[in-house]
Amino acid sequence: RIVIHRYSSILSAYGLALADRAIELQEPSSHIYTPSSLPHLLSRLQHLSQNSQSTLQRQGFKPSHIIIERYLNMRWEGTDTAIMVLGSTTHCGEEGEKDKEEEDFEVAFKNAYKKEFGFLLEDKRIVVDDIKVGAIFHLMTLPSVHSLARSLSLKVRGIGKTYTHLPPSPAFQLSSFPTSTKPLAPSSSTPTTSVYFANLGRVPDTPIYQLGELNEGDVVKGPAVILDDTQTIVVIPEATVRVLKTCLYVTLDEGEREE
Numbered sequence: 241r242i243v244i245h246r247y248s249s250i251l252s253a254y255g256l257a258l259a260d261r262a263i264e265l266q267e268p269s270s271h272i273y274t275p276s277s278l279p280h281l282l283s284r285l286q287h288l289s290q291n292s293q294s295t296l297q298r299q300g301f302k303p304s305h306i307i308i309e310r311y312l313n314m315r316w317e318g319t320d321t322a323i324m325v326l327g328s329t330t331h332c333g334e335e336g337e338k339d340k341e342e343e344d345f346e347v348a349f350k351n352a353y354k355k356e357f358g359f360l361l362e363d364k365r366i367v368v369d370d371i372k373v374g375a376i377f378h379l380m381t382l383p384s385v386h387s388l389a390r391s392l393s394l395k396v397r398g399i400g401k402t403y404t405h406l407p408p409s410p411a412f413q414l415s416s417f418p419t420s421t422k423p424l425a426p427s428s429s430t431p432t433t434s435v436y437f438a439n440l441g442r443v444p445d446t447p448i449y450q451l452g453e454l455n456e457g458d459v460v461k462g463p464a465v466i467l468d469d470t471q472t473i474v475v476i477p478e479a480t481v482r483v484l485k486t487c488l489y490v491t492l493d494e495g496e497r498e499e
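Heads up: the sequence shown runs through residues 241 to 499, numbered per this note's numbering.
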């Protein structure tokens, strides 16, 4: 059995097309984290959130496919070890979730610090510090929430989802494939070409099918050629191709497998 993806000749480009687009915006901050400074920090986070969302929307992403993550890079006063703390993850399509006043960065920072180092510096104040401003466009997945950063910053990451769900597996698609489907019969308008096969010799009228014109549920019996813009699939005489939604499922006759 052979499974050939519809985009098998350009799988790397297909994978890049499915990858999340990430926008990172950073601004400097040198505030002591207190209840009085929190509204100002949240206001700046909200401003960056709107900017990152607008950037992704200009690239064609719908708000329902955009996720906003809000971070503060925090450290104890008098130390130089900062931890990037995730405050919230927001789906922009969710009403009323754009500005989360209940974000408790202090608790998140202390939990992350205790997990990382095993102790807390309770007698020291918490600083939100920064030495860098940057806007970054990434084709990558999210980092760990507790990853350490070399630059200290107020940070927002916007992620544009390129798809909402994955297609069913080839095995699942095959389970619903109609068993009584007969192979396509070449018509008078079906183009042909001359192809040489090792076990059969030259077949001067081998039918040519365009992959984009084959429908889900079609069956192609070899010998045949299936073409699209980037690949040529030669179907040997002993092979049968079933056209699934995302791929071609090829089986060989018993005689060919034994050989």
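Note that the Cβ used here is the ideal one computed from N, Cα and C, for glycine as well.
Within 9 Å, strictly: CB atoms of V481 and G452
no
Does the distance from the C-beta atom of V243 to that of V483 stay below 9 Å?
Their beta carbons are not under 9 Å apart, which means V243 does not touch V483 by this criterion.
Which same chain residues end up closer than 6 Å to L488 when comparing Cβ atoms and leaving out the 5 residues on each side of it in sequence?
I244, V481
Bridge-paired residues (DSSP) for G446:
It is worth fixing the name first, because residue 446 is Thr in this sequence and not Gly. T433, per the DSSP bridge assignment.
Give the DSSP bridge partners of V459, in chain order.
R482
Whole-angstrom distance between I250 and N313, CA atom to CA atom:
The C-alpha of I250 is placed about 40 Å away from the C-alpha of N313.
Put N501 into one of helix, strand or coil per three-state DSSP.
A query on residue 501 cannot be resolved here, the shown segment of the chain reaching from 241 to 499 and no further.
Would you report the Cα separation of W316 and P303, rounded to the nearest angstrom?
36 Å
For K193, count neighbouring Cβ atoms within 10 angstroms of its own Cβ and tell me buried if that reaches 16, exposed if not.
Residue coverage of the chain in this structure runs from 241 to 499, which leaves residue 193 outside it and unanswerable.
Beta-bridge partners of T472, as assigned by DSSP
Under the DSSP definition of a beta bridge, T472 partners with L467.
Delimiting residues of the beta strand (DSSP E) encompassing A411:
Per DSSP, A411 belongs to no beta strand (DSSP E); it is in the alpha helix (DSSP H), 410 to 415.
Could you please give me the residues that DSSP links to R241 through a beta bridge?
R241 is bridged by DSSP to nothing; it lacks a bridge partner.
Would Q450 pass as a contact of S248 if the rule is Cβ separation under 9 Å?
no
Please state the DSSP three-state secondary structure of R246.
coil
From H287 to G327, what does the alpha carbon distance come to, in whole angstroms?
15 Å
Use the C-beta contact count for R310: other C-beta atoms within 10 angstroms, 16 or more gives buried, fewer gives exposed.
Classification of R310: buried, given that the 10 Å Cβ count is 16 or more.
Count the other C-beta atoms from every protein chain shown that fall within 10 angstroms of the C-beta of R261, then say buried if there are 16 or more, exposed otherwise.
buried
State the start and end residues of the unbroken alpha helix (DSSP H) segment that holds T295.
278 to 298
Tell me, which residues are paired with A322 by DSSP?
Answer by DSSP bridge pairing: none, since A322 is not bridged.
How about P447 and T430: are their beta carbons less than 9 Å apart?
yes
Among the candidates R241, L258, P477, whose CA atom is the shortest distance from the CA of P407?
L258
Going by beta-carbon coordinates alone, are V435 and V460 separated by less than 9 Å?
no
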